[in-house]
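Notes for the one structure printed next.
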Amino acid sequence: MARSITFATIISFMLLSFNMYGQHITADTAISHDSVVTEKAHNPEGGFKPGDFMLEHILDSHEWHIITVGHTHVSIPLPVILYSKVSGLHFFMSSKFHHGTESYKNFYIAEEGPNKGKIVEKVQSEHGEKEIVPLDLSITKVVFSLLLSCILLLVVFISIARKYTREGIKAPSGLQSALEPMILFVVDDIAKPSLGEKKYEKFLPYLLTIFFFIWFNNMLGLIPIFPGGANVTGNIAVTMVLAAFTFVITTINGNKHYWEEIYNAPGVPWWLKFPIPLMPFIEILGLIIKPVVLMVRLFANITAGHLIILAFVSLIFIFAQISPALGYGVSVLSTAFALFMSLLELLVALIQAYVFTLLSAIYFSMATAEHH
Amino acid sequence: MELVTPNVGTIFWMLLFFSLVLLILKKFAWKPILNSLKNREKSIEDALKSAEHAKEEMQKLKQDNEKILADARRERDFLMKEAREMKDKIIADAQELAKVEAKKLIDAAKQNIDNEKRNAINEIKMQIANLSIEIAEKIIREKLDEEKQKQIVEKMLDEINLS
Chain A
1 MARSITFATI ISFMLLSFNM YGQHITADTA ISHDSVVTEK AHNPEGGFKP
51 GDFMLEHILD SHEWHIITVG HTHVSIPLPV ILYSKVSGLH FFMSSKFHHG
101 TESYKNFYIA EEGPNKGKIV EKVQSEHGEK EIVPLDLSIT KVVFSLLLSC
151 ILLLVVFISI ARKYTREGIK APSGLQSALE PMILFVVDDI AKPSLGEKKY
201 EKFLPYLLTI FFFIWFNNML GLIPIFPGGA NVTGNIAVTM VLAAFTFVIT
251 TINGNKHYWE EIYNAPGVPW WLKFPIPLMP FIEILGLIIK PVVLMVRLFA
301 NITAGHLIIL AFVSLIFIFA QISPALGYGV SVLSTAFALF MSLLELLVAL
351 IQAYVFTLLS AIYFSMATAE HH
Chain B
373 MELVTPNVGT IFWMLLFFSL VLLILKKFAW KPILNSLKNR EKSIEDALKS
423 AEHAKEEMQK LKQDNEKILA DARRERDFLM KEAREMKDKI IADAQELAKV
473 EAKKLIDAAK QNIDNEKRNA INEIKMQIAN LSIEIAEKII REKLDEEKQK
523 QIVEKMLDEI NLS
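Residue numbers (this note's numbering), protein chains in the order written: chain A, 1 to 372; chain B, 373 to 535.
Here it is in structure tokens:
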């Protein structure tokens, strides 16, 4: 019973979300003749640009746009923190930019050029006006969402940890029983088989943290409205930091045998190592490629998932431009496909968390393997 | 291009947030959770082991009980047999004793009867001797004729017979 209610809620949320995308676009096209507001999702002629529409949802931004009704944009302003070599440290809310239409203290969001979408500063120099890019430490949509998910992770796991401490060896209940299988999955099916009984405990806290971090953020990214919907694990900076953690832990824990395999791999003909160190070169390349692959895999999978769903939604508006009736007709099919993709993404969210954690565990086990 | 270019600000915050989450969860979440899971696993293992132990103990106890029961049964049979034998013996003894006693009584009675008889015979003999002496006295005192003597003797003899 409870399960079917949850399922119904998820479905209705999804339908609602497409509705919202719909409102967003129709509102934009309706106000497109208004010269004050220029949205990225449409060009001045009023046509719908699916590429820009999809990128707007995938990319980061300095405000959290929720909905546009008629002429009003509903969005949450986020803090902008800038450090400029010219004018020093600045701290203000992104609402000062009026959705990217105005400049504030010589700062504005570039609309074209190599810095498109970034905050740039207009400075005077001997050659006249010049655009420079300040160091941008703003709490952007992705960073804000990251903060929310980190708080969620801390609240969830510290609360169940307290329950574990309080209830001792009693059978789990509530949230604890929902997450315990996942914790045991990481412990028994990822950490133990790849690292072995002796070493797995050392890496377990990190493996559990990345698993739940990636999983939670993937799932939150699938919720189309406010607290979710930001493309956190589909942001290359986020996946880069995660991969960097795995790389650093692997390198720190690398034992003598691990480095020997890299610099002087046994069982390889000597002429592959001397005078041209071909094998060491390939091995060192491999060291770097491993985390890069981790970074790209997570980023690409999550971004692609979001893109496909957005593409199905875009189809509705592309056809609606041709004729409204066609738009309504296509919407049925598009919604069905987007729904299917959303459900698939629920699975992908878990699989990507699993793959990242498993590969990290395997890299750690390679770094700590004993000579055999 | 923006999509695949990591943003410095995002990297900075991600590094900060993720490190904090990792450290806090490691200390306040994973440690107690994993400890508790390990304890639970251990207690389940212990419980299973002790159940197995109890089962063995039970088996042993059952065997002991059966042995005790068998012993008790044997003991009972033995006691019953002994009691029966004792009863038989007591009855037999009593009968023997009674027989002996009866025989003794009968013997004593016979002895008595014999004694009485002998005494009686002796008394009769004595009486006869006395009577004879009396008769002889009377005969001598009377000094009667032969006829009369004969008559008296006969009369005396009749009297003796009668007595």
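By construction, the Cβ of each residue, glycine as well, lies at the ideal position given by its N, Cα and C atoms.
Distance from A243/A to M295/A at the Cβ level is roughly 4 Å; contact confirmed, criterion being Cβ atoms closer than 8 Å.
Think of a sphere of 7 Å around the beta carbon of G117/A: the chain B residues whose beta carbon falls inside it are E374, in chain order. Assignment of S87/A by DSSP, reduced to helix, strand and coil, places it in the coil class.
With fewer than 16 other beta carbons inside 10 angstroms of its own, L477/B counts as exposed. In this structure the region 333 to 350 of chain A does not touch the region 169 to 176 of chain A; the number of beta carbon pairs closer than 8 Å is below three. Measuring C-alpha to C-alpha distances from K399/B to each of F157/A, D188/A, P224/A identifies F157/A as the nearest.
Using beta-carbon distances, A178/A does not count as an interface residue toward chain B, since no partner is under 9 Å.
DSSP lists E131/A as the bridge partner or partners of K122/A. If you ignore the 5 residues before and after K130/A, its C-beta comes within less than 6 Å of the C-beta of V123, all in its own chain and listed in chain order.
For E63/A, DSSP records a beta bridge to P77/A.
Taking the beta carbon of A237/A as reference, the chain B residues within 7 Å of it are P378, N379, T382, I383, M386, listed in sequence order. Between A300/A and the set E370/A, V348/A, W270/A, F213/A, the nearest pair of CA atoms involves V348/A.
Annotation: the continuous alpha helix (DSSP H) that includes F53/A extends over 50 to 58. The criterion of a C-beta distance shorter than 9 Å is satisfied by Y206/A and S360/A. The alpha helix (DSSP H) runs lying completely inside the region 214 to 294 of chain A and spanning 4 residues or more are 236 to 253, 256 to 263, given in chain order.
A230/A and F281/A have their C-alpha atoms spaced approximately 39 Å apart.
With respect to chain A, the C-beta atom of K398/B has a partner C-beta closer than 9 Å.
Judged by beta-carbon spacing, T357/A lies beyond the 9 Å limit of I139/A, meaning their Cβ atoms are not closer than that value. Taking 8 Å as the cut-off between beta carbons, the residues of the region 135 to 163 of chain A near chain B are L135, D136, L137, S138, I139, T140, V142, V143, L146, L147, C150, L153, L154, F157, I158, I160, A161, R162, in sequence order. DSSP places L148/A in the helix class (H, G or I) of the three-state scheme.
Under a 10 Å Cβ-count criterion, P114/A is classified as exposed, with fewer than 16 other Cβ atoms of the shown protein chains found around its own Cβ.
Sorting M366/A, G228/A, L147/A by C-alpha distance to the C-alpha of I252/A places M366/A at the top.
About 22 Å separates the beta carbons of E126/A and F107/A, which is beyond the 8 Å limit, so they are not a contact pair.
Across the structure, L394/B and G128/A are spaced so that their CA atoms are roughly 48 Å apart. Bridge partners of I109/A according to DSSP: I119/A.
Neighbours of T368/A in chain B, taken as residues whose beta carbon is under 8 Å from its own, are absent, since the nearest beta carbon is some 19 Å off. Using a Cβ distance threshold of 9 Å, F364/A and T335/A do not count as a contacting pair. Secondary structure of L137/A (DSSP, three-state): coil.
Chain order gives the chain A residues near A401/B as F157, I158, A161, where near means a beta carbon separation below 7 Å.
Only L55, I58, L59, D60 from the region 52 to 67 of chain A bring a Cβ to less than 8 Å from some Cβ of chain B.
N218/A sits buried, since 16 or more C-beta atoms from the chains shown fall within 10 Å of its C-beta. In the DSSP assignment, E180/A falls within the unbroken alpha helix (DSSP H) covering 175 to 185. Note: L82/A is bridge-paired with H90/A, D136/A in the DSSP secondary-structure output. T377/B sits in coil when the DSSP states are folded into three classes, being neither helix nor strand. Using beta-carbon distances, L392/B counts as an interface residue toward chain A, with a partner under 9 Å.
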